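Asker: Heads up: the sequence shown runs through residues 368 to 544, numbered per the working numbering. Every residue, glycine too, gets a C-beta built ideally from N, C-alpha and C. In this text, all values refer to a predicted model and were calculated from it rather than measured experimentally.
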Amino acid sequence: MNLKKAVFLDRDGTIIIDKVYLNDPNQIEYLPKVFEALRLLRDHGFKFIIVTNQSGIARGIVDIKNLDLIHEIIQRDFSSQGIDFAGFYYAPYSVESNHHIRKPNPGMLLRAAKDHGIALNHSWMIGDRMSDVEAGFRAGTRAILLDPETKNEILEPAPDAVVQDLFSAAKFILSQN
Ligand SMILES: [Mg+2]
């Protein structure tokens, strides 16, 4: 079997506006140009997998049924644009748990890679926090940090790129392949 390449995507602050413990499917709001960004990557053979920390479940603020519904809606909205997510993975554990699937730990990416036959060394992680970048590096992907405010901090470990939005991240990835 040929291994595939994937882009692992954080959800909140990367695909949709971070509402902090989003529990209401009516509150889904997409960030600018996310459909264009994934269409571009899709056309270059990338699979997409969402990997999202959802400690709101451990805290009782987010209901699993709503979380599933939110992911169904996101899947459907992207599908209507010709884009398919191979999987949605979430870590329902508390911030303090340091659970192996909770980012910055790489468990979700490792499991998804196994489930979907993904070559991690040909794949990317994109997110708006350093915990995303770290999870990507620990899994063996390259990683891009979204920093809409361009804070110009010195970041450790240094992401492969720091860009303002998902569309810029997509263009960067294609410039590297
Ligand atoms: Mg995020």
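For R509, does the three-state DSSP call read helix, strand or coil?
Answerer: The answer is strand: DSSP assigns R509 an E or B state.
Asker: In the structure shown, what three-state DSSP assignment does I440 receive?
Answerer: Correct three-state label for I440: helix.
Asker: Say the cut is 7 Å; is the CB of G548 nearer than that to a heavy atom of ligand 1?
Answerer: Outside the modelled stretch of the chain, which goes from 368 to 544, sits residue 548, for which no answer is possible.
Asker: Any chance the CB of G380 is under 7 Å from a heavy atom of ligand 1?
Answerer: It does: the Cβ of G380 is within 7 Å (strictly closer) of some heavy atom of ligand 1.
Asker: Please determine whether the Cβ atom of R469 lies at a distance below 7 Å from any heavy atom of ligand 1.
Answerer: No - ligand 1 has no heavy atom lying nearer than 7 Å to the Cβ of R469.
Asker: If I follow the unbroken beta strand (DSSP E) through A537, where does it start and stop?
Answerer: Element bounds for A537: not the beta strand (DSSP E) but the alpha helix (DSSP H), 533-543.
Asker: Could you name the residues of the same chain whose beta carbon sits closer than 7 Å to that of P327, not counting the 5 residues immediately before and after it, in chain order?
Answerer: Because the chain in this structure spans residues 368 to 544, residue 327 falls outside the shown range and cannot be described.
Asker: Check this for me: beta carbons of I521 and I493, under 8 Å apart or not?
Answerer: Contact flag unset, no.
Asker: May I have the straight-line CA-CA distance separating T517 from G380, to the nearest angstrom?
Answerer: Roughly 14 Å separates the two Cα atoms.
Asker: Measure from the alpha carbon of D435 to the alpha carbon of each residue in H489, T419, Q448, then state which is nearest.
Answerer: Nearest option by C-alpha distance: T419.
Asker: For the stretch 387-453, which segments carrying the beta strand (DSSP E) assignment without a break, of at least 3 residues, lie completely within its bounds, in sequence order?
Answerer: Fully enclosed beta strand (DSSP E) runs of 3 or longer: 414-420.
Asker: Tell me which same chain residues have a C-beta within less than 6 Å of the C-beta of I540, skipping the five on either side of it?
Answerer: Excluding positions up to five away in sequence, the list reads W491.
Asker: Looking at the secondary structure, which residues open and close the beta strand (DSSP E) in which L376 lies?
Answerer: That run of the beta strand (DSSP E) goes 373-376.
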